[in-house]
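I have placed the structure first, in the form of structure tokens, so that the comments after it can refer back to it.
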Amino acid sequence: MANIGNFTAQGNSFSGTVRTLTLNVKVKIIPNDKQGENAPDYRIVAGNYEIGAAWKKISKADRPYLSATLDDPSFPATIYARLVEAEDGTHNLIWSRSKGD
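This is the structure in structure tokens:
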């Protein structure tokens, strides 16, 4: 697993940057008006483009996190990641090769 993003909380939203070998973009994670039980809790946007979604989860250690998916036509496959709070209060987007939830 690798850290592909750093975010700060801004109210109910998060703002930061996602960096991979092919991507370096400012991103916002904003609350979504859920229309169903399985709808995402957040939308992930870069500028005017929605590039992903995130769902609220609780870890086995009882810590809240966001389970995120990122997708873009330039990606060979969907990116799965978790947004977790660091000890300093910032949030890290941790990449994973599989969905793993």
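Using the UniProt record's numbering, the letters of the sequence shown map in sequence onto residues 1 to 101.
Idealized CB from N, CA, C, for every residue including glycine.
None of the values given here were measured: they were computed from a predicted structure.
Would you kindly report the start and end of the unbroken beta strand (DSSP E) that includes residue i?
i   : result
N3  : 2–10
S13 : 13–19
K57 : 49–58
R63 : First-last for R63: undefined, no H or E at that position.
L83 : 79–85
N24 : 24–31
Spatial neighbours of residue i within its chain, please: CB distance less than 7 Å, with the 5 preceding and 5 following residues excluded, ordered by chain position.
i   : result
I30 : S13, Y42, R43, V45
E85 : H91
S59 : Y65
T20 : I4
Taking a contact to mean a Cβ-Cβ separation below 8 Å, would you say residue i touches residue j in this structure?
i   : j   : result
G16 : T22 : no
L83 : L70 : no
L93 : N32 : no
W55 : P40 : yes
Roughly how far, in whole angstroms, is the beta-carbon of residue i from the beta-carbon of residue j, given that I think they are within contact range, below 8 Å?
i   : j   : result
V27 : G5  : 7 Å
G47 : A68 : Incorrect: roughly 18 Å between the Cβ atoms, too far for contact.
Might you give, ordered along the chain, the residues of its own chain that have their beta carbon closer than 6 Å to the beta carbon of residue i, omitting 5 neighbours on each side?
i   : result
K57 : Y65, S67
V25 : V18, A46
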